[in-house]
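Visitor: Submitted below is the structure of interest, expressed as structure tokens.
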Amino acid sequence: MPVDTTNNDRVVITHSNSSAEVYYYGATLTSWKPHGQERIFLSEKAILNGSKAIRGGIPLVFPHFGTIPTSKLPQHGFARNSRWEWLGVAVDNASETTVQFGLKPDVVPENLRSLWPHEFKLVYSVTLAANTLKTTLEIQNTGTESWEFTSLLHTYFKVQEIATVGVVGLTGASFLDKVAGGTHQEDRDRVTVASEVDRVYQGGSAPLTIQGTGVGSGVVLHKENFPDVVVWNPWVDKAKAMGDFGDEEYHHMICVEVGSVSKPVTLGPGETWQGSQTLVGV
Ligand code: TA6
Numbered sequence: 002m003p004v005d006t007t008n009n010d011r012v013v014i015t016h017s018n019s020s021a022e023v024y025y026y027g028a029t030l031t032s033w034k035p036h037g038q039e040r041i042f043l044s045e046k047a048i049l050n051g052s053k054a055i056r057g058g059i060p061l062v063f064p065h066f067g068t069i070p071t072s073k074l075p076q077h078g079f080a081r082n083s084r085w086e087w088l089g090v091a092v093d094n095a096s097e098t099t100v101q102f103g104l105k106p107d108v109v110p111e112n113l114r115s116l117w118p119h120e121f122k123l124v125y126s127v128t129l130a131a132n133t134l135k136t137t138l139e140i141q142n143t144g145t146e147s148w149e150f151t152s153l154l155h156t157y158f159k160v161q162e163i164a165t166v167g168v169v170g171l172t173g174a175s176f177l178d179k180v181a182g183g184t185h186q187e188d189r190d191r192v193t194v195a196s197e198v199d200r201v202y203q204g205g206s207a208p209l210t211i212q213g214t215g216v217g218s219g220v221v222l223h224k225e226n227f228p229d230v231v232v233w234n235p236w237v238d239k240a241k242a243m244g245d246f247g248d249e250e251y252h253h254m255i256c257v258e259v260g261s262v263s264k265p266v267t268l269g270p271g272e273t274w275q276g277s278q279t280l281v282g283v
């Protein structure tokens with residue numbers, strides 16, 4: 002069965018000998034196994050019962066990244082804290098299987114919804130092919146007034162040991178350093194992690210490679226219409242401070258998150274925006 006919907010909390014997709022799992026809560030993808038090997042990090046302490054955003058996988062960030070002074074919404078908005086609707090199987094053929102999830106204001110918890118009272122429709126498409134996972138977020142303004150958003154695919158990659166990991170493809174990009182402060186330019190060809198890292202890289206459309214993950218040669222990440230890339234690892238102290246993250250798990254993950262976050266997008270009535278990432282297991 003290429004799409005298993007028998008669980009009431011998640012959908013399991015299989016295609017060739019690859020699989021993926023997506024929870025309705027947050028439409029959070031929690032597993033991607035091209036050729037049977039897990040590439041996505043999910044914390045051993047992740048809460049999966051819909052009471053908290055899932056720690057790991059690909060949480061969806063909307064309508065804003067982080068916290069902003071003009072909004073009382075919690076960090077990263079409400080998309081990751083809402084149970085999305087199952088829209089069904091859009092494509093299922095020899096080359097791919099695509100499933101879709103939807104989010105509209107009426108399924109957002111009321112306490113969050115009232116803090117961002119705009120009309121919208123989101124469609125999240127997850128496409129599984131042999132060694133490829135494509136995730137596409139479509140955002141539509143269904144109201145009569147313009148609004149602004151920032152958005153991001155907060156992907157947690159599973160790695161065997163962070164010390165061996167490098168992210169290639171960010172050379173020359175300017176970045177906001179949320180740990181040390183200030184804006185700088187990346188001069189390394191291979192971005193490595195040896196302490197807490199929380200950076201928002203701007204610009205660039207070249208594919209990125211996450212190397213040294215411990216499986217194959219890594220993952221190649223292509224992005225469309227997501228101008229920014231966030232690189233995050235909480236390291237020792239932040240790991241200990243998170244209740245849903247093991248103290249030593251920072252060794253085994255790196256977040257490389259494509260987004261449209263440094264400049265808000267304005268959507269007029271009836272307008273639609275779309276961004277996607279394609280991950281290739283290599
Ligand atoms: O995307 C990086 C980031 O914004 C970091 O600043 C970090 O705190 C992380 O997301 C996790 O945020 P969360 O709200 O899930 O604890």
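All residue numbers for the sequence shown refer to my numbering, where the first residue is 2 and numbers rise by one. Yeah, the Cβ is synthetic: ideal placement off N, Cα and C, and Gly gets one too.
Could you tell me whether any non-hydrogen atom of ligand 1 is closer than 6 angstroms to the CB of Val-231?
Guide: Answer for Val-231: yes, Cβ within range of ligand 1.
Visitor: With H, G and I counted as helix, E and B as strand and the rest as coil, what does DSSP make of Trp-236?
Guide: Correct three-state label for Trp-236: helix.
Visitor: Identify which residue in Pro-75, Glu-86, Trp-117 has its Cα closest to the Cα of Val-124.
Guide: The residue with the shortest Cα to Cα distance from Val-124 is Glu-86.
Visitor: On the three-state DSSP scale, how would you describe Pro-265?
Guide: Reduced to three states, the DSSP call for Pro-265 is strand.
Visitor: Do Thr-165 and Gly-219 have their C-beta atoms within less than 7 angstroms of each other?
Guide: No, the pair does not count as a contact, with Cβ atoms beyond the cut-off.
Visitor: Compute every distance between the C-beta of Gln-284 and the non-hydrogen atoms of ligand 1, then say whether any falls below 6 angstroms.
Guide: Residue 284 is absent from the structure shown; the chain starts at 2 and stops at 283.
Visitor: Looking at C-alpha atoms only, which residue of Asn-132, Glu-139, Leu-116, Lys-73 is the closest neighbour of Ser-126?
Guide: The option with the nearest alpha carbon to Ser-126 is Glu-139.
Visitor: Could you give the DSSP three-state label for Arg-191: helix, strand or coil?
Guide: Here Arg-191 sits in strand by DSSP.
Visitor: Note down the Cα distance separating Val-180 from Gly-260, rounded to an integer number of angstroms.
Guide: Their Cα atoms are separated by approximately 19 angstroms.
Visitor: Thinking C-alpha only, which one of Arg-11, Gly-67, Pro-70, Val-221 is nearest Asn-50?
Guide: Checking every option, the nearest Cα to that of Asn-50 belongs to Arg-11.
Visitor: Any heavy atom of ligand 1 closer than 6 angstroms to the Cβ of Asp-199?
Guide: Under cutoff, so the answer is yes.
Visitor: How would you call Ile-80, buried or exposed, if buried means at least 16 neighbouring beta carbons within 10 angstroms?
Guide: Just to set this straight, residue 80 is Ala in the shown sequence, not Ile. Under this definition Ala-80 is a buried residue.
Visitor: Rounding to the nearest angstrom, what Cα-Cα distance links Ala-240 and Asp-248 in this structure?
Guide: Whole-angstrom Cα-Cα distance: 5 angstroms.
Visitor: Which of the three DSSP states is assigned to Asn-8 in this structure?
Guide: Asn-8: coil per DSSP, three-state reduction.
Visitor: Taking DSSP as the reference, what is the three-state secondary structure of Arg-84?
Guide: Looking at Arg-84 - three-state DSSP - the assignment turns out to be strand.
Visitor: In its own chain, which residues sit with a C-beta less than 7 angstroms from the C-beta of Ser-263, not counting the 5 before and 5 after it?
Guide: Closer than 7 angstroms at the Cβ level, and outside the excluded window around Ser-263, lie Val-201, Gln-203, Asp-229.
Visitor: So does Ser-175 have its beta carbon nearer than 6 angstroms to some heavy atom of ligand 3?
Guide: Of the ligands one can find in the structure shown, namely ligand 1, none is ligand 3.
Visitor: Rounded to a whole number of angstroms, what is the C-alpha to C-alpha distance between Asp-163 and Thr-193?
Guide: Looking at the sequence itself, residue 163 is Ile, so the reference to Asp does not match. Spanning the two alpha carbons is a distance of roughly 8 angstroms.
Visitor: Should Glu-22 be labelled buried (16 or more other beta-carbon atoms within 10 Å of its own) or exposed?
Guide: It counts as buried.
Visitor: Straight-line CA distance for Glu-111 to Leu-74?
Guide: The straight-line gap from Cα to Cα measures roughly 12 angstroms.
Visitor: Terminal residues of the continuous alpha helix (DSSP H) containing Asn-112?
Guide: Note, Asn-112: alpha helix (DSSP H), 111-114.
Visitor: Among Val-13, Asn-9, Gly-57, which has the Cα closest to the Cα of Trp-233?
Guide: If we check each option's Cα against that of Trp-233, Gly-57 comes out closest.
Visitor: Quick one: what's Asn-142 bridged to in DSSP?
Guide: Asn-142 is bridged to Phe-121.
Visitor: Below 8 angstroms on the Cβ atoms is my contact criterion, and I expect Gly-170 with Leu-209 to pass it. Report the Cβ-Cβ distance as a whole number of Å.
Guide: Confirmed, about 4 angstroms.
Visitor: Using the Cβ count rule (16 or more neighbours within 10 Å means buried), how would you classify Pro-60?
Guide: It is buried - the Cβ of Pro-60 has at least 16 other Cβ atoms within 10 Å.
Visitor: Using a threshold of 7 angstroms, state whether the C-beta atoms of Pro-3 and Thr-68 are closer than that.
Guide: Going by C-beta atoms, Pro-3 is not nearer than 7 angstroms to Thr-68.
Visitor: Nearest chain D C-beta to Cys-256 closer than 7 angstroms, yes or no?
Guide: As a matter of chain content, chain D is missing from the structure shown, which is built from one protein chain.
Visitor: Which residues in the same chain as Leu-153 place their Cβ atom closer than 6 angstroms to its Cβ, once the five residues preceding and following it in sequence are excluded?
Guide: Cβ neighbours of Leu-153 beyond the five flanking positions: Val-62, Phe-66, Glu-258, Gly-260, Val-262.
Visitor: Closest to Val-221 by CA distance: which of His-253, His-185, Asn-132, Ser-196 is it?
Guide: Out of His-253, His-185, Asn-132, Ser-196, Asn-132 has the C-alpha closest to the C-alpha of Val-221.
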